[in-house]
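Counting from 2, one number per residue, gives the positions in the sequence shown under the working numbering.
For each residue, glycine too, the CB sits at the ideal point set by N, CA and C.
Let me begin by presenting the structure, written as structure tokens, before commenting on it.
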Amino acid sequence: MPPGWPPEVRPPGAPDWELSAVDWLLDAVPPDYRAYGVLRRYPLALARMARYHVHSAIEAARTGYRRAAVDLKDHLPPHAIDAVHDVYRREGPRLVRLAKAIELVENALRGGPPAPRDPVSGRRGR
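Shown next as structure tokens:
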């Protein structure tokens, strides 16, 4: 499997691989998504929703990081703001890794190789 493939998801073609993908994708979205049977029946739709959700979380984390000092300076001591920035510095990379893993799974659900396209060449990476 390519680097970044989530260990919780079986390789494409393995028994119940799509089921493992659905379970993993449901962990990447808000718990309320579990109530929608259509997302279990159509894993590609779930992958797409997970992708949008995580990309939104990345943008929110970037905005939160940029705004934390200004938004919180009148309410928190400087060491607490530093700690908030530390959380964002840890969470940001985790979310980016999650987004890449979701893209790999989504590509595999589409029937393609589970590798993202290179943004410059358009070729699939390995």
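Asked: Alpha carbons only, please: which of Tyr66, Pro3, Val97 and Trp18 is nearest the one belonging to Arg52?; Found: Val97
Asked: With 7 Å set as the bound, which would you pick, yes or no: does the beta-carbon of Lys101 sit closer than that to a beta-carbon of chain C?; Found: Any reference to chain C falls outside this structure, which holds one protein chain only.
Asked: From Ile82 to Val55, what distance separates their C-alpha atoms?; Found: 24 Å
Asked: So, Ser21 versus Val30, is the Cβ gap smaller than 7 Å?; Found: no
Asked: Can you grab the Cα-Cα spacing for the pair Lys74 / Arg91, in whole Å?; Found: 21 Å
Asked: Kindly give me the distance between the Cβ atoms of Tyr43 and Tyr66, rounded to whole angstroms, as I take these residues to be in contact under 8 Å.; Found: Actually they do not touch by this definition, with Cβ atoms about 34 Å apart.
Asked: Assuming Gly93 is part of the alpha helix (DSSP H), what are its boundary residues?; Found: Pro79 to Leu110
Asked: Which runs of the alpha helix (DSSP H) spanning at least 4 residues fall entirely within the stretch 36-77, listed in chain order?; Found: 38-42 and 44-73
Asked: Is it true that the CB of Val106 sits closer than 7 Å to the CB of Ala48?; Found: yes
Asked: Among Ala15, Tyr34 and Ala58, which residue has its Cα nearest to the Cα of Leu99?; Found: Ala58
Asked: May I ask you to report which of helix, strand or coil DSSP gives Val10?; Found: coil
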